Amino acid sequence: MQDCDALEASLSPCFSQADSAMEEVPPPDVGVEEVWSAADGPVSIVEMALDQRSVHFPLVQHHCVLATLLHAAMSFSLRLKPLSLFDSKGKNAFFRDLASIQLLPSGDMDPSLVAVRQEFLMNVLSAWVKALAENEENGMKPQVVENSWSSVCLELSSLLQVNTDMLCRHLVMMEVQDKDILGSQLLVLTGQRLSFSLLHSQSQSKPNMELLARLPPTLCTWLKAMDPSELRCPSVALPQSVRLINKVIEMLPENHAQYSLVLHLLEAVDSFQQEP
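This is how it looks when you write it as structure tokens:
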């Protein structure tokens, strides 16, 4: 634990230095009086600093991202292989001089790499919310809770090509205390979307009607009672609905009145996906 604290403390100067370099400023114009021009002595620190090459800002930002990821991992005791979150170009850039112009990752990243990044950022948010809850219960205010890790993760998501909306939704679900009510509301949302696809869209087809007829009577009646007119985006891909239903199943206890309805809904969506 002492090693973790020492490492976290050693990372703090990295953040301060990285933050100070986030805004590029022109070098200062240092005037020297003529009387000192012929003086002998060691070169001043100012002159030595002015002779240094300017750093490559994107490379500094690249290192700042790595330092922030390490800080998050140490703060919440998360397992992380830091370089596993970067591709080959990103890894090589860490071993180059900050003043050198390096080829950094650009364009669309490998989806599997983005998925690993997203999972880590979600774990950070989950650990942060858990720390907030423990802080409230114990009446303590640890240093780790004072940092707004939600803002940090959202900023990292834009730099790591992670879908920010995914993190926002995950954060909302983690912060909600009464998950039964949230699960019921998400269930209604899913029902409205499926009701639109099966009963209200212009692309209704005979196969869809046959699928609707094969549904359990309770589920069929429930879908017909849904009003999709309240939805801003009623047409949603089925895989997204499947993920949402799985989240609802995680939120609702098995003895919940709507739990069996959720299971029937998941079976129905799976059957829709299997249809040609």
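Oh and the sequence shown: position 86 is 86 in full-length UniProt numbering, straight run, nothing missing. Cβ atoms here follow ideal geometry from the backbone N, Cα and C, with glycine treated the same way. If you're wondering where the values come from, they're calculated on a predicted model, not measured in any experiment.
Query                                                                                                                                                         : Result
Under 8 Å, with one C-beta from each stretch per pair, do the stretch 153-170 and the stretch 206-220 reach the 3-pair mark?                                  : no
Check each candidate in SER241, VAL269, VAL60 and name the one with the smallest Cα separation from ASP97.                                                    : VAL60
Considering only the alpha carbon of each residue, which of LEU198, SER260, HIS170, ASP29 lies closest to GLU47?                                              : ASP29
Using the three-state DSSP reduction, which class does LYS89 fall into: helix, strand or coil?                                                                : helix
Can you list, in chain order, the residues of its chain whose CB lies under 8 Å from that of THR190, leaving out five sequence neighbours each side?          : SER241, LEU244, ILE245, VAL248, LEU265
Look at LEU70 and LEU125 and say whether their C-beta atoms are less than 9 Å apart.                                                                          : no
Are PRO228 and PHE196 touching if we call contact CB-CB under 9 Å?                                                                                            : yes
Nearest by alpha-carbon distance to ALA72: which of ILE45, VAL152, GLN118 is it?                                                                              : VAL152
Taking only heavy atoms of the ligand SAM into account, decide whether any of them is closer than 8 Å to the Cβ of LEU125.                                    : Ligands displayed in this structure: none; no statement on the ligand SAM is therefore possible.
Take ARG117 and list the residues in its own chain whose beta-carbon comes closer than 7 Å to its own, dropping the five residues that flank it on each side. : LEU85, LEU160, VAL162
Count the CB pairs spanning the stretch 102-117 and the stretch 174-193 that are closer than 8 Å, and state whether there are at least three.                 : no
State the CB to CB distance for the pair LYS91 and LEU83, rounded to an integer number of angstroms; the pair is presumed to be in contact (CB under 8 Å).    : 5 Å
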